[in-house]
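Numbering (our numbering), first residue to last: 280 to 457.
We treat Cβ as the ideally placed atom computed from N, Cα and C, and that holds for glycine.
Here is the structure we will look at.
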Amino acid sequence: MNKPQDRPPYGAALAQSGVLERLAAFDPHIAGTPPLGLDLPSSDIDILCHAPNPSQFDDGVWRALADCPGFAIWQWRDEDRPVVARFHCAGWVFELFGQALPVIEQAGWRHFQIERRLLALGGAAFRDAVLALRRAGAKTEPAVAELFGLAGEPYATLLTLEPLDDAALGQRIRHAIR
């Protein structure tokens with residue numbers, strides 16, 4: 280596998296993998312740090328899928344991707360038992376997450392949408408603040424929670440920002456990056 284700094288942009292790796300076409304039946308959506316411009320050399324490409332039938336998703340992923348380097352697949356034991364798979368392509372790690380919920384209702388997609396809004400509203404200063412925390416070892420959601428002073432579990436508390444309008448988010452961003 281290529282060293283992370285030698286890998287192509289995530290869009291090129293995505294195209295090379297063909298994963299969106301291979302898994303089209305599961306409504307795949309790209310999420311995570313690369314499309315947000317917050318990726319680090321250790322970042323992966325996250326793909327969220329609608330998998331109302333975990334066994335069917337598992338079978339579809341096996342048929343489509345089992346020949347890829349680093350392929351692994353497993354199923355969570357808790358909640359609605361989502362299926363997770365991982366493989367390598369073009370110097371990137373891809374991680375698939377298949378859950379019974381439609382993608383737009385999944386927590387990972389909701390986090391991604393909130394983060395996209397925050398970055399659009401906060402501009403370069405907010406992006407730089409999040410990246411500084413990420414470079415220091417934080418994941419994206421904990422970094423945002425830290426900047427906003429959100430108490431509690433960061434993945435859950437990030438969702439408390441979801442209903443806020445742009446004016447309220449902008450005010451919180453300005454306070455966070457002072």
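Cβ neighbours of TYR289 in the same chain (closer than 6 Å, five flanking residues each side left out): Same-chain partners within the cutoff: PRO313, ILE324.
As assigned by DSSP and simplified to three states, the class of ARG286: In this structure, ARG286 counts as coil in the three-state DSSP scheme.
From ALA379, ARG413, TRP388, ALA351, residue whose alpha carbon lies closest to that of HIS308: The shortest C-alpha to C-alpha distance from HIS308 to any of ALA379, ARG413, TRP388, ALA351 is the one to TRP388.
Rounded C-alpha distance that separates ALA379 from ALA304: A direct Cα-to-Cα measurement between ALA379 and ALA304 gives close to 13 Å.
DSSP three-state assignment for GLN335, whether helix, strand or coil: In the three-state scheme derived from DSSP, where H, G and I count as helix and E and B as strand, GLN335 is classed as helix.
PHE373 - partner residues in DSSP beta bridges: ILE324, PHE366.
Own chain residues within Cβ distance below 8 Å of GLN354, not counting five before or after: Correct list, in chain order: PRO333, ASP337, ARG360, PRO361, VAL362, VAL363.
C-alpha gap between HIS329 and GLN335, whole angstroms: Computed Cα separation, rounded: 11 Å.
Where the beta strand (DSSP E) containing ILE352 begins and where it ends: Taken as a continuous stretch (DSSP letters only), the beta strand (DSSP E) holding ILE352 covers 351-354.
Proximity of ALA408 and ILE456 at Cβ, strictly below 7 Å: ALA408 places its beta carbon less than 7 Å from that of ILE456.
Residues sharing a beta bridge with HIS308, DSSP: Beta-bridge pairing links HIS308 to LEU327.
Pick from PHE350, GLN385, GLU432, LEU410 that is closest to CYS368, judged by C-alpha positions: Of PHE350, GLN385, GLU432, LEU410, the residue nearest in Cα terms is PHE350.
Closest Cα partner of PHE427 within the set ARG342, GLN450, ALA403, ASP357: Taking only the C-alpha atoms, the option nearest PHE427 is GLN450.
Alpha-carbon to alpha-carbon, GLU420 and ALA291: ALA291 and GLU420 have their C-alpha atoms roughly 26 Å apart.
Length of the line joining the Cα atoms of ALA435 and HIS390: Counting only the Cα atoms, HIS390 lies some 9 Å from ALA435.
Distance between SER322 and LEU440 (C-alpha atoms, nearest Å): Looking at the backbone, the Cα of LEU440 and that of SER322 are separated by about 24 Å.
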